[in-house]
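K.L.:
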Amino acid sequence: MMAQAPSAIKSRSELRQRWAVLRPTSWRLLVWVLVAVLLVIPSLCFLLQAFSPRLFGQGSAWLTLANLSSAFHQGFARAMLDSVVVGVAAAVLAVVLPMGLAILVERTDACGGGAIVLGLWAVLLAPSYLIAVGWEEIVLRGGILGALGLWSPGLQHMILGPVGVAIVLGLKGVPFAYFALAPSLAAIGGDLEAAIRTHGGGRLATLRILAPLLLPALLSGFVIVFAESVGDFGVAATIAASAHFPIATYLLYESISTFPANFGVAAVVGWGLVVAVGVALLIQGRLLRGRSFAVVTGRGRSSPRRQLGWRGRVGAAGFTGAFFLIALGVPLVGVIFSSVLVPFEGLKLSAFTFANYRDLLGVQGLGGPIRFSGEMALVCGLAVVALGAVLARTMAAGRSGVSGRLLDLTLVVAVALPGVVFAAGYIFAYDLPFLTHLGIALYGTTLLLGMAYVANSVPSSSRLLLGPFTQVQDRLLHAARVHGASGARAWRQGVLPLLARPILWAFLLAFAGIFLELPISELLAPPNVVPVSVAVLSVLGKANIGEGTALSVVAILIVLAFVGALQVVFRFLAPVGWRKWQEQRVSVAEAEGEELASIAAPAFAPVAEASLREGGGG
Amino acid sequence: MTLQRHRTRRRFVALLGVAAGAGALLAACGSTSSSSSSTGANTAATKTVPLVVYSAKNYMPGVGTAFSNKTGIPIDLVNHSTGTLLTRIQAQASDPQWGLLWIDGAAACAALDDQHMLLRNFEPTTGKLTSLGKELVPADKSYIPTAVTIAGAIVYNPKVLPNPPTNFEQLLEPQYKGKVGMNNPAISGPTYTFVAGLMHQVGGIPQGESFFKKLAANGLQVFSTNKVTLTALLQGRIAMAIVQNNAGIEFAEKYPQLKVEYPKESTLLPSVICIDGKAPKAQVVEAKEFANYVYSAAGQRVMKSVNPYGGWPIMQGETPAPLLPPLSSLPVQKIATRYWGGQEASVTQWFSTNIVNG
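Read top to bottom, the protein sequences are chains A and B. Taking our numbering, the leading residue of the first sequence gets 1, the next gets one more, and so forth. Taking our numbering, the leading residue of the second sequence gets 619, the next gets one more, and so forth.
(1) Which runs of the alpha helix (DSSP H) at least 4 residues long sit entirely within the segment 894 to 947 of chain B? Give them in chain order.
(2) Jot down the residue ranges of each uninterrupted alpha helix (DSSP H) in the segment 98 to 167 of chain A, minimum 4 residues, whole runs only, in chain order.
(3) Express the C-alpha separation of residue 557 of chain A and residue 126 of chain A in angstroms, rounding to a whole number.
(4) In whole angstroms, what is the alpha-carbon distance linking residue 489 of chain A and residue 468 of chain A?
(5) Going by the beta-carbon positions, is the gap between residue 754 of chain B and residue 261 of chain A smaller than 8 Å?
(6) Thinking C-alpha only, which one of B/746, B/700 and B/713 is nearest residue 727 of chain B?
(7) Rounded to whole angstroms, what's the CA-CA distance from residue 740 of chain B to residue 244 of chain A? Just pull it up for me.
(8) Shorter than 8 Å from the beta carbon of residue 201 of chain A to some beta carbon of chain B?
(9) Rounded C-beta distance between residue 445 of chain A and residue 527 of chain A? I'm assuming under 8 Å.
(10) Between residue 197 of chain A and residue 107 of chain A, what straight-line distance do the alpha-carbon atoms span, to the nearest angstrom?
(11) How close, in whole Å, do the beta carbons of residue 105 of chain A and residue 172 of chain A come, if the pair is a contact with beta carbons under 8 Å?
(12) Based on Cα-Cα distance, which residue from A/286, A/274, A/160 and A/90 lies nearest to residue 222 of chain A?
(13) Where residue 968 of chain B and residue 839 of chain B are concerned, what is the direct C-alpha to C-alpha distance, given to the nearest angstrom?
(14) Got a sec? Which residues, its chain only, sit under 6 Å from residue 929 of chain B by beta carbon, not counting five neighbours each side?
(15) I need the DSSP call for residue 872 of chain B, collapsed to helix, strand or coil.
(16) Cutting at 6 Å between CB atoms, please list the residues of its own chain near residue 499 of chain A, excluding the five before and the five after it.
(17) With 16 as the cutoff for other CB atoms within 10 Å, does residue 475 of chain A come out buried or exposed?
(18) CB-CB under 6 Å to residue 714 of chain B, same chain, minus the five flanking residues each way: which ones, in chain order?
(19) Output the distance between the C-alpha atoms of residue 356 of chain A and residue 922 of chain B, rounded to the nearest integer angstrom.
(20) Who pairs with residue 727 of chain B in a beta bridge, going by DSSP?
(21) Which residues in chain A sit within 8 Å of residue 836 of chain B, going by Cβ to Cβ distance?
(22) Is the Cβ of residue 528 of chain A closer than 8 Å to any Cβ of chain B?
(23) Tell me the rounded alpha-carbon separation between residue 812 of chain B and residue 864 of chain B.
(24) Looking at C-beta atoms only, is the number of pairs between the segment 551 to 566 of chain A and the segment 384 to 394 of chain A that lie closer than 8 Å three or more?
(25) Can you tell which of A/164, A/184, A/348 and A/497 has its C-alpha closest to the C-alpha of residue 98 of chain A?
(26) If distances are taken between C-alpha atoms only, which option among A/452, A/393 and A/50 comes closest to residue 463 of chain A?
(27) Out of A/391, A/274, A/166 and A/506, point me to the one whose CA is closest to residue 33 of chain A's CA.
(28) Please confirm whether residue 957 of chain B and residue 857 of chain B have their CB atoms less than 8 Å apart.
(29) Contact between the segment 209 to 216 of chain A and the segment 151 to 158 of chain A: three or more CB pairs below 8 Å?
(30) Determine whether the Cβ of residue 740 of chain B lies closer than 8 Å to any Cβ atom of chain A.
(31) Can we say the segment 949 to 956 of chain B touches the segment 932 to 941 of chain B, given the rule of at least three CB pairs closer than 8 Å?
(32) Once DSSP output is grouped into helix, strand and coil, what is the label at residue 688 of chain B?
(33) Are the beta-carbon atoms belonging to residue 514 of chain A and residue 465 of chain A less than 8 Å from one another?
(34) Within a Cβ cutoff of 6 Å, which residues of the same chain sit near residue 86 of chain A, ignoring the five residues on either side of it in sequence?
(35) For residue 712 of chain B and residue 48 of chain A, which I take to be in contact (beta-carbon distance under 8 Å), what is that distance rounded to the nearest angstrom?
(36) In whole angstroms, what is the alpha-carbon distance linking residue 966 of chain B and residue 696 of chain B?
Here you go:
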C-alpha cells in the first residue's frame, strides 16, 4: 500500500496537470474563444454542409449522406488519392532537400549561410501559383525554351503533369521543412559525435546514430509540408487543372464555383483534407510515442563544423545554386519574360517591351487597391503576429495536455483547408438573420474581411513562432520578476529581444500572404472595395494578359520592397539589446538560420524540452 | 483556496466583460460600416439607401456612376466574375445582402427564380425591345434581358491555323487534333451555355456527351476561365480558343494577329438583370429605377461608350459597336433557358468527371 501511494499520488497529479489546461482560466478561455470565433466556427459551418445542408439554407435535408455519395460520384476518391500521393511526394522532396541545405549551413563552414536563409524566405513568400505560372512560361511550346529552339515535349509533359505538381509543391515546402530541421541539426551532435569517435566509430556509425535523432524534426517537417501541399490551391488551379490530374482542392473549387454551387460536395472534400492531415498527425504521434529524443543538454558543446576544401565549397555552391535556380530563379524569369515579351514575336530584341508596365500607369484606380491591401496587410499582419504569438505561447506551455494538443491539431488542420473554405464559412457563420436582427451586421464589412485574413494566416504564423517560443525558458521570466520587473516588462525586456526576429519574419509572411490573397478577397470584400488580387484579375479579365502579369510582378515587388525596408529598419532602429543579442547569437552559431528555429516544432519540442529540463537540472 | 477561487472568478468576470465589449465593438463596427445591410428592412420606401449591385459586366462602374449622377441614388458595387457573384449569392441564402444582379446568362437567373429568390412581374418601361429582345423575356418576368452575346466564338491565329472550322462538328477532324481549347463549364458560367447549345444542336444530352467524348479523344484541352484559355492561345499551347465572343473581340483588339470566327450554330447568351425578391422595399424601388435607366436611351448610350463589346443591343433604335458584325449575318441559335438551366448541375458534373478529369 505504502509502495503504491506515491505512484497513485503521482498519477493523480499527472492527470490533474494533464487536464489542468482545460480549466476555464481566463487566459486559455480567451485564446479558445478567439480560435473558435476566427477558425473553428466558420470552418465547422462550412464542413457541416456535408451532412446537414438545411442548416444554412443550402438544401432541404437536416441530415443526409447524399453529398457523400455525390462526391464519390464526382471522383472524390481519385482526387483525394492524387492529393495524398502528391502531398507525400512533395513532403519527401521537401524533407530531403533541406537536409542538404541544413547540413551546409549548420555543419560546415560553407559560406553564404545567411544568404541561404534569406533565399528560403524568398521561396516562402513567393505564391505557389506564381512559381507554377513561371514554369509554364518556360516549358510551353510558345514559352522561352520554345523561343530558344530548346522546346521539349517530354519536359513539357513532365512539368505540366503530376510530376511537376509534386516538384513545385515540394520546392515550395522546402523552407517549412528547413526551419523544422535546421535547429535540430544544430542542436544535436557535439557531445554525441565526440563520444562516437572516442569509441572508434567512423562516419557511418555517426550517421547511423545521429540520423534517428532527427526523426522528430523530419516527421514534423514532413507533416507540415504534407498539410500545406494537400491544401494548396495555386498549383491545383494552374498546372493540375489542365493536366487531367484531379486533385482535392480543385474538386473543392469546382464544386463551389459551379452553378448551382455545391457546398455539400465541397464540404465532403474539406472533410477529406481534414482526415488526411489527421491521419498524418496520428502516424507522426505513433512513430514518436514512447521514445525519447532528449539529447540536448544545457552544458553540451556546439556541433563541430567541417572545414570544406575547394571541391567541397564548389559542390556546396553548386547544390545551393541549383536549388534556388529551380525553386525561384527559373519561374521568376518565366513570369518576368512573359510580362515584357510581345506574344508571337519570338525571343528577339525587338520583341522586348515595357509597354505592359507603361500601360499599368494608365490603368485608372490601381492606387486604391494597392493602398487598401497594404493597409489591410499591415493591420491584419500585426493582428496575426499578436495572436500567433499568443497561440504559440499557449501551445508551448501546454503541449503535453489535451488542450495544447487540440490546439495543435486545430492549427495543422487549418493549414490544410484552402482559403475559400474560410471565406464561404465566414458567410455561413456571420451572415445570419438572427445576427442581423441583433444589429450585428458583419457581412460586407472590412472587419469581417480582416477577421478572415487573420484566420487564414494565423495557423502558419503560430506554427512558425512555436519553435522559438518553445525554446524560450520560463526561467528568464522568473528571473526578471525576481528582480522586480512587472509581467509586461519581463516579457518586453527579457523575452521579446530573443523573439524579435522570428516575430518580424512571421509578420512579413503574414503581410505578403494577405497583400496578395485572392479567394477570401473575392467572397468577402465589402462593396466598392477592390483588393489588389481582385484588381489583377480584373485587369486580366479585360484581355490584358501582359498587363495582368506585369501587375502581379509589381505587387510582388511591392511586397519585397516592404520586406527589405523593414529589414533595414530592424537592423538600424531596433533596440540595441535586440541587435546585440542577434550579433552574439550569430557569432556563436556562425549562421543566421539557427535563430529562426522550427516551424513545426511539435517534433523539435522533445529536444527543446529536454534541453530546458536538463539545463535546469544542471 | 478561497482567495484563489475569488481571483479566478474575478478574472472570469473581467474576461466576460472583455468579450462583451468586443461583441459590442463588433456590432458597432458592423452596423456602421455596412451601409448596405438588410437592417434597412424597416426603411421607408421613399428613403434613399445605397443600391447593392452585383455585376459581372464591364459596363460597371461607368453605368453605375451615370445612374447615380442622374438619380442621386448611391451604388454599392461588387464587381466580380459571374461564378464568384453566384457563389456569394448562394452562400447568403439565409440572409441575402444583394439588391440587383447583372450578369451574362439567363439560365442562372432562371435557376434563382426557381428557388423563389427573384422579384417577378417587373419590366422596364423606358425603352422598347426588339423582336429578339421580346423573345428573351421570361413568362414570369423574373429577369430583364439587356443585350445579347455569343457563348462560343472561336479565337485563332490565322498564321498558325489558316483554316478554322466553320461548324463545330469539324472540331472532330484530325487536322484539329490537340489544337482546341475551351473553358471548364463548371467554373465559367457562359461556357455552360456553349456546351448546352452544342448538346442541343447535336440532338440532346446523350448525343452531346458522345460528341464531347470524341472531342476529348481528339485532344480537347480544358482550362478554368477565359483568361487562362486565351493565355494558352498566346503561349502556343492551343491553336484556337472557344470563348464568349466579347472576350474574344477584346482579345483580338489587343493582339491584332488574332481573329474571331462564329461557327455554325453559335448559341446566343443574353446579358440579364435580376432583382433580389427579398431585398428591402427601398432597394427594390431603386433597382427598378436602375433597370429603367439601362433601358433608356441615355443608359444605352453610356453602356455603348463604357463597353462597346458588351453585346448586341436589343432595344429598338440602338446599333451595335463597329467591331460587332451584324447579328443577322451570324449563324446563331437560341436554346430553351428553363430546360437547360435545370440541366446545368448534372451536365457540368458530367463534363468535369469525364472530360476535365477523365
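Cβ atoms here follow ideal geometry from the backbone N, Cα and C, with glycine treated the same way. Since the model is a prediction, treat every value here as computed from it, not as a measurement.
P.N.:
For this structure:
(1) Here the runs fully enclosed are 899 to 913 and 915 to 924.
(2) Segments of the alpha helix (DSSP H) lying fully in the segment 98 to 167 of chain A: 113 to 125, 128 to 139, 144 to 147 and 153 to 159.
(3) Their Cα atoms are separated by approximately 11 Å.
(4) The C-alpha of residue 489 of chain A lies about 19 Å from the C-alpha of residue 468 of chain A.
(5) Not a contact, by the Cβ cut-off of 8 Å.
(6) Residue 727 of chain B has its Cα closest to that of B/700, out of B/746, B/700 and B/713.
(7) Roughly 45 Å between the two C-alpha positions.
(8) Not one chain B Cβ lies under 8 Å of residue 201 of chain A.
(9) Not a contact, Cβ separation roughly 10 Å.
(10) Cα to Cα, the separation comes out at about 16 Å.
(11) About 19 Å separates the two Cβ atoms, so there is no contact after all.
(12) Nearest of A/286, A/274, A/160 and A/90 to residue 222 of chain A, Cα basis: A/90.
(13) Taken atom to atom, the span from the alpha-carbon of residue 968 of chain B to that of residue 839 of chain B is near 16 Å.
(14) So the list reads 765, 766, 767 and 889, once near-sequence residues are dropped.
(15) In the structure shown, residue 872 of chain B sits in a helix (DSSP, three-state: H, G or I).
(16) Only 468 meet the Cβ criterion.
(17) Classification of residue 475 of chain A: exposed, given that the 10 Å Cβ count is below 16.
(18) Same-chain partners within the cutoff: 894 and 896.
(19) Between the alpha carbons of residue 356 of chain A and residue 922 of chain B lies a gap of roughly 26 Å.
(20) Residue pairing of residue 727 of chain B in beta bridges, as defined by DSSP: absent, with no partner found.
(21) What residue 836 of chain B touches in chain A: nothing, since even the nearest Cβ is about 14 Å away.
(22) For residue 528 of chain A, the closest Cβ of chain B is nearer than 8 Å.
(23) Whole-angstrom Cα-Cα distance: 14 Å.
(24) Of all C-beta pairs linking the segment 551 to 566 of chain A to the segment 384 to 394 of chain A, fewer than three are shorter than 8 Å, placing the two stretches out of contact.
(25) Selected option, being the one with the closest Cα: A/184.
(26) Ranking A/452, A/393 and A/50 by CA distance to the CA of residue 463 of chain A puts A/393 first.
(27) The candidate whose alpha carbon is nearest that of residue 33 of chain A is A/391.
(28) At a Cβ-Cβ threshold of 8 Å, residue 957 of chain B and residue 857 of chain B do not count as neighbours.
(29) With the cut-off at 8 Å, the segment 209 to 216 of chain A and the segment 151 to 158 of chain A do not touch.
(30) No, residue 740 of chain B does not count as interfacial toward chain A.
(31) Too few Cβ pairs lie closer than 8 Å, so no.
(32) Residue 688 of chain B sits in a helix when the DSSP states are folded into three classes.
(33) No, these two residues do not count as a Cβ contact at 8 Å.
(34) Residues of the same chain with a CB within less than 6 Å of the CB of residue 86 of chain A, apart from the 5 flanking positions on each side, are 165 and 166 in chain order.
(35) Taking C-beta atoms under 8 Å as the contact rule, residue 712 of chain B and residue 48 of chain A fail to qualify, at a distance of about 13 Å.
(36) The straight-line gap from Cα to Cα measures roughly 26 Å.
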